[in-house]
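Numbering (our numbering), first residue to last: 1 to 292.
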């Protein structure tokens with residue numbers, strides 16, 4: 001019988017906080033209770049923001065709170081060829097298209113639409129869906145823009161993808177979603193529209209890299225924050241399109257600040273390093289996150 005495989009996958013683009021400590025310790029505990037393996041992965045496809053110095057800080061913080069993982073650590077920046085191969089399969093199947101609209105152009109398009117009194121559709125995170133006009137460009141028009149050096153991102157043609165795999169995708173959820181969803185959960189990828197799959201300079205987005213990594217590493221259980229619950233619908237589509245294995249999912253509660261917001265690197269919420277330097281102990285960390 002194959003042993004369960006869990007993973008914790010931080011991005012070394014800032015300092016870890018209590019929310020990361022909770023997720024990491026929960027993953028380790030669940031792996032131990034299941035008699036499984038526990039892996040660590042560095043999600044560092046953003047090579048401009050993710051640095052070796054920040055990675056060293058992540059590793060130091062995780063070791064300090066008592067995390068133990070198998071070696072070697074997988075670093076996404078070492079595996080661009082894996083993502084490029086998956087992207088090429090989607091390109092060959094005509095399931096992605098180069099999207100050339102800038103953020104400013106997208107905002108203008110949406111503002112024009114909403115000026116008529118009708119709200120533009122949003123994804124589950126509240127971001128406006130991509131307009132998708134360039135989905136209908138001819139191959140000649142696309143190539144001309146690419147030859148001119150126009151910046152673009154590869155976006156999944158979601159309608160075509162759903163038509164390809166069917167609209168009855170689901171997943172096994174042992175945690176729960178924002179509205180209490182659990183058990184066998186219906187995936188609703190159409191709510192995301194045409195998501196970014198890769199960029200001109202980086203052959204993967206989070207969505208593509210995470211499903212490729214999980215399959216290549218044999219991950220059987222994905223344990224992560226509830227803020228990623230709805231993104232699982234996109235991951236299920238990509239898994240079906242690429243013929244990848246489907247793990248069991250467990251979306252856990254988030255560690256919130258005093259205002260009820262999830263902790264964030266970008267807002268500078270108190271880091272594990274700062275807590276350590278103030279005299280906190282690993283035991284304090286376990287107590288502060290509820291001792292997962």
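Glycine residues also receive a C-beta, built at the ideal position from the N, C-alpha and C atoms.
Please read all numbers here as calculations on a predicted model, not as lab measurements.
Going by C-alpha distance, which of the options is nearest residue i?
| i | options | result |
| --- | --- | --- |
| residue 323 | 94, 235, 289 and 182 | The shown model of the chain, from 1 to 292, leaves out residue 323, and the question about it has no answer. |
| residue 46 | 78, 29, 16 and 27 | 78 |
| residue 132 | 241, 121 and 185 | 121 |
| residue 3 | 219, 139, 280 and 278 | 219 |
| residue 167 | 179, 62, 176 and 188 | 188 |
| residue 208 | 127, 102, 80 and 179 | 80 |
| residue 210 | 126, 16, 184 and 245 | 245 |
| residue 239 | 104, 126 and 90 | 90 |
| residue 221 | 17, 15, 23 and 27 | 27 |
| residue 62 | 51, 278, 25 and 93 | 25 |
Starting from the C-beta of residue i, find all residues in its chain whose C-beta is less than 8 Å away, skip the five residues before and the five after it, and write them out in chain order.
| i | result |
| --- | --- |
| residue 70 | 37, 38, 39 and 40 |
| residue 262 | 19, 225, 227, 254, 255 and 256 |
Less than 7 Å between C-beta atoms, sequence neighbours within five positions excluded: which residues of the same chain meet that for residue i?
| i | result |
| --- | --- |
| residue 190 | 158 and 162 |
| residue 123 | 129, 191, 192 and 193 |
| residue 109 | 131 |
| residue 155 | 96, 97, 99, 130, 194, 195, 196 and 197 |
| residue 21 | 65, 272, 285 and 289 |
| residue 352 | Absent from the structure is residue 352, since the part of the chain shown begins at 1 and ends at 292. |
| residue 49 | 13 |
Rounded to whole angstroms, what's the CA-CA distance from residue i to residue j? Just pull it up for me.
| i | j | result |
| --- | --- | --- |
| residue 112 | residue 237 | 31 Å |
| residue 182 | residue 223 | 14 Å |
| residue 53 | residue 275 | 19 Å |
| residue 75 | residue 43 | 6 Å |
| residue 32 | residue 243 | 29 Å |
| residue 60 | residue 106 | 41 Å |
| residue 186 | residue 143 | 38 Å |
| residue 114 | residue 145 | 29 Å |
| residue 201 | residue 55 | 22 Å |
| residue 119 | residue 135 | 22 Å |
| residue 102 | residue 86 | 25 Å |
| residue 73 | residue 35 | 20 Å |
| residue 139 | residue 175 | 44 Å |
| residue 23 | residue 278 | 22 Å |
| residue 164 | residue 283 | 50 Å |
| residue 270 | residue 17 | 6 Å |
| residue 241 | residue 177 | 24 Å |
| residue 179 | residue 141 | 44 Å |
Once you ignore the five residues that flank residue i on each side, which residues in its own chain have a CB closer than 6 Å to its CB?
| i | result |
| --- | --- |
| residue 204 | 45, 83 and 198 |
Q) Within the chosen definition, does the segment 238-249 reach the segment 169-176 through at least 3 CB pairs nearer than 8 Å? A) yes
Q: Pick out the complete alpha helix (DSSP H) segments inside the segment 131-188, 4 residues or longer, and give them in chain order.
A: 139-147 and 158-165
Q) Quick one: any contact between the segment 59-75 and the segment 230-238, if contact means 3 or more CB pairs under 8 Å? A) no
(Q) I want to know whether the segment 86-103 touches the segment 150-167 - three or more CB-CB distances under 8 Å. (A) yes
Q: Would you check if there are 3 or more beta carbon pairs closer than 8 Å linking the segment 2-12 to the segment 211-218?
A: yes
Q.
In chain order, what are the residue ranges of uninterrupted alpha helix (DSSP H) at least 4 long that sit wholly in the segment 24-96?
A. 52-64 and 80-92
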